[in-house]
Structures are given as C-alpha cells and as structure tokens.
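Reading through the structure tokens given below for one structure.
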Amino acid sequence: MNITDVNNRIKAHKRGKRIGRGAGSGSGKTAGRGHKGYYSRSGAGGLKGFIGGQTPLRQRLPKRGFNNANFKTVYIPINLEWIEENFAAGDEVNIQTICAHGFKIGRGGLIKVLGTGDLSKALTVTADAFSKSAVEKIEKAGGKAVTAKKEMSEASE
1 MNITDVNNRI
11 KAHKRGKRIG
21 RGAGSGSGKT
31 AGRGHKGYYS
41 RSGAGGLKGF
51 IGGQTPLRQR
61 LPKRGFNNAN
71 FKTVYIPINL
81 EWIEENFAAG
91 DEVNIQTICA
101 HGFKIGRGGL
111 IKVLGTGDLS
121 KALTVTADAF
131 SKSAVEKIEK
141 AGGKAVTAKK
151 EMSEASE
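Numbering follows this note's numbering, in which position 152 of the sequence shown is assigned residue number 152; successive positions increment by one, without gaps.
Written out as structure tokens, the structure reads:
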C-alpha cells in the first residue's frame, strides 16, 4: 500500500440519497415521511406563522403607532468643498450644472448644500435646502444662496 492510495476511495462530491425509489433503496414506500398525517402529504410544512387554522398571532395583535417613512423628505448632501473644486467664480450652481459635473442625483432628488469646507468664490447657488453654515459661507464669499422652492413659487406668480 502506498501513501497515495489512502484517499483513493474518498470522493470530492457525495451523491445525494435517492428517496422514494423502491424498497431496495432503503428509503422507498413512504420515503422517510412516516405513515399518514399532515407532514406525509405534499405541500406540507406550509406558511410561516400558520398555527393550525387558528387566527395567527400577528393578526390578533393590535396595530399601533404611525409610520411616515414612505413620505419622508430625503436630501442628497453636497458640501461647499465640492462646489469650490468644481465651479469657477461667477458660475451659477443648480441641479443641472451639478449633474453636468458628474454628481449623480436620482429622479426627484432634492439637494441640500452643507457647510463643510470653505468657499472663496462668489457663486449663485440654487438648491432645495441649505444648512445655516453654508448660507453664511456663501454670503461671506459674496455669493447668493437661492432656495429652489421659493424660485419656483416666484415663477408661478
């Protein structure tokens, strides 16, 4: 016997047990399901939370509280340092120009300008929301912070 023969009989993939394939297979006839009863039938095991025809617990408990998550306003944050890097003095910064500079904004996306970083150029920044520090820094640099919602309401008047 050689050392190379030791693992000769071990297979990398063991074949699955063929259940319900005759009495000679060792698991024929009832195929390991026993005799009669719910779990001997096909499709048994069923639904999560099913408790034998009784009203499920999740249905018996009262619904409480309020969840407004579907209607939450979600802003995409943009920092002043990014605006400083990507725009020249006197430029107008809005959703279209931000998208043109490669910033990904989804459908119906709202933009909020945050005050991280410094701004040394006078820019007109139009966004849906601003942090207090962002407005201060934009105005300190000689620019204007315009809220997009106000701009839209003024256009309709």
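Cβ coordinates follow ideal geometry from the N, Cα and C atoms, glycine included.
Are the CB atoms of residue j and residue i within a distance shorter than 9 angstroms?
i, j, result
"residue 146", "residue 116", "no"
"residue 140", "residue 119", "yes"
"residue 104", "residue 75", "no"
"residue 21", "residue 28", "yes"
Assuming residue i is part of the alpha helix (DSSP H), what are its boundary residues?
i, result
"residue 60", "57 to 60"
For residue i, which residues from the same chain have a beta carbon less than 6 angstroms from its beta carbon, with the 5 sequence-adjacent residues on both sides left out?
i, result
"residue 144", "124"
"residue 142", "122"
"residue 62", "none"
Looking only at its chain, what residues have a beta carbon closer than 7 angstroms to the beta carbon of residue i, apart from the 5 residues adjacent to it on each side?
i, result
"residue 10", "none"
"residue 79", "114, 116, 117"
"residue 16", "none"
"residue 25", "18"
Beta-carbon within less than 8 angstroms of residue i's beta-carbon, same chain only, minus the 5 sequence neighbours each way: which residues are those?
i, result
"residue 99", "105"
"residue 149", "128"
Handout entry: Sequence ranges, alpha helix (DSSP H) only - wholly within the segment 78 to 156, length at least 4
Key = Taken in chain order, the whole alpha helix (DSSP H) runs of length 4 or more contained in the segment 78 to 156 are 80 to 86, 95 to 100, 132 to 140, 148 to 156.
Handout entry: Stretch-stretch touch, CB-based, cutoff 8 angstroms, three pairs: the segment 79 to 96 with the segment 124 to 135
Key = Using a Cβ-Cβ distance cut-off of 8 angstroms, the segment 79 to 96 and the segment 124 to 135 are in contact, since at least three pairs of beta carbons, one from each stretch, lie closer than that value.
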